[in-house]
Each structure stands twice: as structure tokens, then as C-alpha cells.
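A.B. asks: Have a look at the structure that comes next, please.
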Amino acid sequence: MKRGDKVLSAIFLLLLSLTILVYTLRYCRPQNGLSVEVRSDGVLIKEIELNKNLTEEILIEYKNGKNIILIEEGRVAVISADCPDKDCIKRGWLKYKGDSSICLPNHLSIRLKGEAEVDAVTF
Numbered sequence: 093m094k095r096g097d098k099v100l101s102a103i104f105l106l107l108l109s110l111t112i113l114v115y116t117l118r119y120c121r122p123q124n125g126l127s128v129e130v131r132s133d134g135v136l137i138k139e140i141e142l143n144k145n146l147t148e149e150i151l152i153e154y155k156n157g158k159n160i161i162l163i164e165e166g167r168v169a170v171i172s173a174d175c176p177d178k179d180c181i182k183r184g185w186l187k188y189k190g191d192s193s194i195c196l197p198n199h200l201s202i203r204l205k206g207e208a209e210v211d212a213v214t215f
């Protein structure tokens with residue numbers, strides 16, 4: 093290996109290590125103080141604190157259909173919807189602060205909120 097190859101390999105390994113570190117810090121930390129906020133037409137319908145022991149199904153009915161939201165093991169998902177594309181179901185489980193799922197035809201939004209954290213500090 094030439095000197096340039098070694099430098100490029102070292103830079104690649106450094107970038108790979110930083111990527112793994114950022115991923116670990118963002119997604120592998122326990123999420124404390126999460127709550128789910130369910131809104132319809134911008135109006136808050138329900139806000140629930142999440143924990144590992146909570147299991148609940150929420151039925152939200154409209155004049156043209158319904159949505160069923162499942163809360164279990166500290167995560168949330170839309171499991172049934174009367175909308176054409178079912179994008180809210182395809183979104184899957186919401187587990188992290190800031191995750192959201194929106195059903196546009198039914199004007200439903202689900203968002204996970206968490207404790208305030210500092211994103212960055214500048215001087």
C-alpha cells in the first residue's frame with residue numbers, strides 16, 4: 093500500500109466510525125418521557141404518556157371512515173384506516189421523539205413528543 097492509500101483508508105475508517113457513533117447516540121439510547129399526540133383537523137384529541145407496560149387501541153371515527161391506532165411497548169402505529177393509499181399504515185411504528193404519521197384524507201396526525209433536549213450549542 094502506498095502512503096496515499098493509507099491516508100484514504102484512515103479517512104474512510106474515521107468517517108465510518110463517526111457515522112456509527114452518531115447512529116448509536118440517536119437511535120440506540122432509551123427514549124425517556126415520550127408522549128403521543130393525536131390530532132384531527134388540528135384539534136388535540138388525545139395525548140398519552142408512553143411506557144413499556146401500556147397497551148391501548150384508539151378508535152377514531154369520522155363521517156367517512158375510521159382509523160385505529162395501536163399503542164404498545166412504548167411505540168405507536170396506525171393499524172387500520174379507511175383511506176385509499178394507506179400511507180399512515182405503511183409508515184409503521186413510531187418509536188423516537190419527532191416521529192410522525194399523517195393520514196391526509198382523514199385529517200389525522202400522530203406525533204411523538206419528548207423531553208426538551210439541546211440539539212447544539214454555539215459560541
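93 is the number of the first residue of the sequence shown in the working numbering; add one for each residue after it.
Backbone N, C-alpha and C fix where the C-beta goes; we use that ideal spot for every residue, glycine too.
Keep in mind that this is a model prediction, so the values were computed, not measured.
1. Is it buried or exposed, Arg167, if we count other Cβ atoms within 10 angstroms and call 16 or more buried?
2. Would you say the region 152-172 touches the region 188-205, given that touching needs at least three Cβ pairs under 8 Å?
3. Considering only residues of the same chain and omitting the five flanking positions on each side of Tyr154, which have a CB-CB separation below 6 Å?
4. With 16 as the cutoff for other CB atoms within 10 Å, does Val114 come out buried or exposed?
5. Short of 8 Å in beta carbon distance, which residues of its chain neighbour Leu146, apart from the five on each side in sequence? Order them along the chain.
6. For the putative contact between Ile161 and Val130, defined by C-beta atoms under 8 Å, what is the C-beta separation to the nearest angstrom?
7. Which whole-angstrom value is the C-beta distance of Leu67 and Ser127, which I expect to be below 8 Å?
8. Return the bridge partner residues of Ala102 from the DSSP annotation.
9. By how many angstroms is the C-alpha of Tyr119 removed from the C-alpha of Arg203?
10. Please report the distance separating the alpha-carbon of Tyr177 from that of Leu100.
C.D. replies: On the basis of the coordinates in this document:
1. buried
2. yes
3. Asn198
4. exposed
5. Counting only Cβ-Cβ distances below 8 Å, and skipping sequence neighbours, we find Ile140, Ile163, Glu164 and Gly166.
6. 7 Å
7. As displayed, the chain neither begins before 93 nor continues past 215, which places residue 67 out of reach and without an answer.
8. DSSP lists no partner for Ala102.
9. 17 Å
10. Looking at the sequence shown, residue 177 is not Tyr but Asp. Between the alpha carbons of Asp177 and Leu100 lies a gap of roughly 46 Å.
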